[in-house]
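**Q**
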Amino acid sequence: MKEITVTGTNGTCRIELNRPDCGNLVSTGMVQGLTLALQSIADDVKLVVISGKGADFCKGRDYETAPESAAGGRAPSALSIRAQMTGPMMTLYTALRELPVATLSVVRGSAYGFGCALAGACDMTLASETARFRLPEMGRGLPPTLAMSALWDRIAPRTIGYLVYSTAELSARDALATGLAHSVVPDGELEARAATLVETICKEPLDAIKAVKEYLKEAPSMPPAARGGFGASLFAGVLSSR
Amino acid sequence: MKEITVTGTNGTCRIELNRPDCGNLVSTGMVQGLTLALQSIADDVKLVVISGKGADFCKGRDYETAPESAAGGRAPSALSIRAQMTGPMMTLYTALRELPVATLSVVRGSAYGFGCALAGACDMTLASETARFRLPEMGRGLPPTLAMSALWDRIAPRTIGYLVYSTAELSARDALATGLAHSVVPDGELEARAATLVETICKEPLDAIKAVKEYLKEAPSMPPAARGGFGASLFAGVLSSR
Amino acid sequence: MKEITVTGTNGTCRIELNRPDCGNLVSTGMVQGLTLALQSIADDVKLVVISGKGADFCKGRDYETAPESAAGGRAPSALSIRAQMTGPMMTLYTALRELPVATLSVVRGSAYGFGCALAGACDMTLASETARFRLPEMGRGLPPTLAMSALWDRIAPRTIGYLVYSTAELSARDALATGLAHSVVPDGELEARAATLVETICKEPLDAIKAVKEYLKEAPSMPPAARGGFGASLFAGVLSSR
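Residue numbers (our numbering), protein chains in the order written: chain F, 1 to 242; chain G, 1 to 242; chain B, 1 to 242.
#1: Tell me whether the region 191–198 of chain G and the region 212–230 of chain G touch, counting them as touching only if at least three CB pairs, one residue from each stretch, are closer than 8 angstroms.
#2: Cα-Cα, which of B:149, B:67 and B:125 is closest to residue 220 of chain G?
#3: Is residue 128 of chain F helix, strand or coil by DSSP?
#4: Quick one: what's got a C-beta closer than 7 angstroms to residue 86 of chain B's C-beta in the same chain, skipping five residues either side?
#5: What span of residues does the alpha helix (DSSP H) with residue 243 of chain F cover, start to end?
#6: Look at the Cβ atom of residue 143 of chain F, then the Cβ atom of residue 113 of chain F, and state whether they are nearer than 7 angstroms.
#7: Within 7 angstroms (strictly less), CB to CB, does residue 160 of chain G reach chain B?
#8: Does residue 10 of chain B pass the burial test, meaning 16 or more other C-beta atoms within 10 Å, or should it be called exposed?
#9: Using only alpha-carbon positions, find the residue among B:88, B:98 and B:172 that is nearest to residue 109 of chain B.
#10: Within 7 angstroms of any Cβ in chain F, is that where the Cβ of residue 222 of chain B sits?
#11: Is the distance from the Cβ of residue 59 of chain F to the Cβ of residue 25 of chain F below 7 angstroms?
#12: If we ignore side chains and look at the alpha-carbon of each, how far apart do residue 111 of chain F and residue 241 of chain B end up?
#13: Got a sec: is the Cβ-Cβ distance from residue 85 of chain F to anything in chain G below 7 angstroms?
#14: Under 7 angstroms between beta-carbons, which chain G residues line up against residue 205 of chain F? List them in chain order, please.
#15: Beta-carbon separation of residue 99 of chain G and residue 38 of chain G under 7 angstroms?
#16: Could you tell me whether the Cβ atoms of residue 7 of chain F and residue 47 of chain F are closer together than 7 angstroms?
#17: With a threshold of 6 angstroms on Cβ separation, who are the neighbours of residue 52 of chain G within its own chain once the five nearest residues in sequence on each side are excluded?
#18: Comparing the C-beta of residue 146 of chain B with each C-beta of chain G, is any distance below 7 angstroms?
#19: Nearest CA to the CA of residue 20 of chain B: which residue from B:190, B:40, B:54 and B:74?
#20: Find out if the Cβ-Cβ distance for the pair residue 131 of chain F, residue 107 of chain F is shorter than 7 angstroms.
#21: Going straight from the alpha carbon of residue 32 of chain B to that of residue 4 of chain B, what length do you get?
#22: Over what stretch of residues does the alpha helix (DSSP H) that includes residue 116 of chain F continue unbroken?
#23: What residues from the region 86–112 of chain F come within 7 angstroms of chain B, judged by C-beta to C-beta, listed N to C?
#24: In the DSSP assignment, the beta strand (DSSP E) including residue 99 of chain F goes from what residue to what residue?
#25: What do you get for residue 204 of chain F, buried or exposed, if any count of 16 or more other CB atoms within 10 angstroms of its CB means buried?
#26: In the DSSP assignment, the beta strand (DSSP E) including residue 14 of chain B goes from what residue to what residue?
#27: Counting only Cβ pairs nearer than 7 angstroms, list the residues of chain B close to residue 153 of chain G.
#28: Please list the partners that residue 68 of chain G has in chain F, where partner means a Cβ-to-Cβ separation under 8 angstroms.
#29: Report yes or no: do the region 156–174 of chain B and the region 225–241 of chain G share at least 3 C-beta pairs separated by less than 8 angstroms?
#30: Take residue 103 of chain B and list the residues in its own chain whose beta-carbon comes closer than 6 angstroms to its own, dropping the five residues that flank it on each side.
#31: Take the Cβ of residue 186 of chain F as the centre, count every other Cβ of all protein chains shown within 10 Å, and call the residue buried at 16 or more, exposed below.
#32: Residue 119 of chain F: which of F:128, F:129 and F:105 sits nearest, CA to CA?
#33: How big is the Cα-Cα spacing for residue 191 of chain B and residue 40 of chain G?
#34: Can you tell me which of F:115, F:44, F:75 and F:68 puts its alpha carbon nearest to the alpha carbon of residue 22 of chain F?
#35: For residue 82 of chain F and chain B, any beta-carbon pair shorter than 7 angstroms?
#36: If distances are taken between C-alpha atoms only, which option among B:183, B:182 and B:164 comes closest to residue 182 of chain G?
What follows is the structure in structure tokens.
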């Protein structure tokens, strides 16, 4: 059984983590599979939806197969960490951020560690009432600075600091208050509400979806005074091309 | 009857959209009228208050008179869009942002599209309990990237992305949680609470109001390390000049 | 009795404002004492905890001893304001921001003016249910632009503007919604909950705590594209050095 399943219909590409027995813990291979799925979306896709099969979105990295566990008691070198772990993850986060279309995470159960960063790295997050978000890495003595980079610009930096140092769990309601989730729905309605949101977005024209995404991607690195003109140009570009 | 009414008393300039029959939909002429009102405030004004007459703050642009509707089936050129629509809007947003004194939006009913951007572009927003905020443009196939620029730095970028793609409506309480509204009051108390806030601000000295506004305007484009010295200089400038 | 008490145990440095009779109003001398305490922490400290003795965290600056009150009716010069007030405060805020380890404010009662800025300048804030936050300076005609600089990047700029102009008081719950507080607990449980959080953090390794803090300090001034690589490097640096 494949650990990442990808299906496409009507302008939507659905990517599902598929290791439900262990809460969708991800190996480096799965991180690479996610990247490949993102890099392979069809030209007519408007929206990528990421979810996890079963009770949890993603409980984090699979430490049993993690490169730092395989060094036989010796610390791995910085370069081997990059080659085997942080490199593939950075490539994934970059692919997700650079995707020219909209991205949505649909979260049920635990979104921990890498799972929390993956959910937050999407443009939008829909969560079920019992979803929970957490960055537990410091409890294992690991600084989750790469996950922090994925969440940066997504939720307030000071909130990221608190989540990391305290290792506290955020309920779905707390996640809503911090902006990590955008909508919280009853557990039994998660799929139906996700379908409605997907349908809404897939009725929007592809050129407008791409213009909005380009704005979201580029505005953060622009001087404030340039943001108005950029927004006006994107709008005029779409409208004048129809 | 004028579509924009401007009244000034005791250090306050009140600008009211005055097309209550259609929820204060704005034409390009009204956008220019708003800009002119902002550019014409008296030297002793401390606070500009923007509101809408009747049940709604502003339901958005008036598409019947919009330039893109007037091209007889042909797409308007990028330059004509700029001349007739995005140009005047950018000028308004810039005038609002550059105003040397405080700005307050008082929102009742719908703040949709341009209305949502206008409310959020003010320094402060007071909303009644049944106010609602929405960016519905993508439902018409238009990317509201110019409205996004007005809201940038005001609410979290990721929240802007969600509002745009989902076209979801925010209740006043939701708007409070995202920072789009700062205070939510019962419908019947909106005017009284606005009057109290206006009175508080108009007791503050003009030099201090301007120093605070200068900080709000300039700090976003400063390197983090320079923000402390800038804040200290503004404070000392005011205090040593009395 | 000393106005600042400093105690250290098990990787924690506790700094307590100790003027409970006046709600821990701070003089310039106390600001300098806080700075000295921060600059003198032991090499093995992982966490600095700042609190106020008695019913309040800190009600603000002590205006009776403030330099601007001592000029005998004449406005003080900008340079004397810098020497006697803004200079020492900037040094404190910089020391707090530059500290290589985690910082936590534990807030009971009033955190007003300087007290509000001090609480927010820490990486994390734990508040009791009846804590209240306020920037009342404009009610005295003073622009709190230096306090604004301490809160910048900590809470949303637009929220800072509202707090300053309106001089409104935030309840602990409101502070939670704006990100000024991270956790709100019943009054009777504040010490116990603070102790649990301190214990959690002090079990984390010092190298990981420092790596996370370095990320929090440096990421804001980095171009967005560089933040991933920086996070990956910090992680690899820690892991490969064990």
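For glycine and all other residues, C-beta sits at the position ideal for the given N, C-alpha and C.
**A** Taking the geometry as given:
#1: As far as the Cβ criterion goes, the region 191–198 of chain G does not touch the region 212–230 of chain G, which means the pair count is below three.
#2: Out of B:149, B:67 and B:125, B:149 has the C-alpha closest to the C-alpha of residue 220 of chain G.
#3: In the structure shown, residue 128 of chain F sits in a strand (DSSP, three-state: E or B).
#4: Shown here for residue 86 of chain B: same chain residues with a beta carbon closer than 7 angstroms to its own, the five before and five after excluded, namely 146 in chain order.
#5: It is not possible to answer for residue 243 of chain F, since the shown part of chain F is limited to 1 through 242.
#6: no
#7: no
#8: exposed
#9: Per the Cα distances, B:172.
#10: no
#11: yes
#12: One C-alpha to the other measures close to 29 angstroms.
#13: no
#14: 141
#15: yes
#16: no
#17: 17, 24 and 58
#18: yes
#19: B:54
#20: yes
#21: When rounded, the distance between both Cα atoms is 10 angstroms.
#22: 114–121
#23: 86, 90, 93 and 94
#24: It is not in any beta strand (DSSP E) - residue 99 of chain F carries neither H nor E in the DSSP assignment.
#25: buried
#26: 12–17
#27: 157
#28: 239
#29: no
#30: 48, 122 and 123
#31: exposed
#32: F:105
#33: Between the alpha carbons of residue 191 of chain B and residue 40 of chain G lies a gap of roughly 55 angstroms.
#34: F:115
#35: yes
#36: B:164
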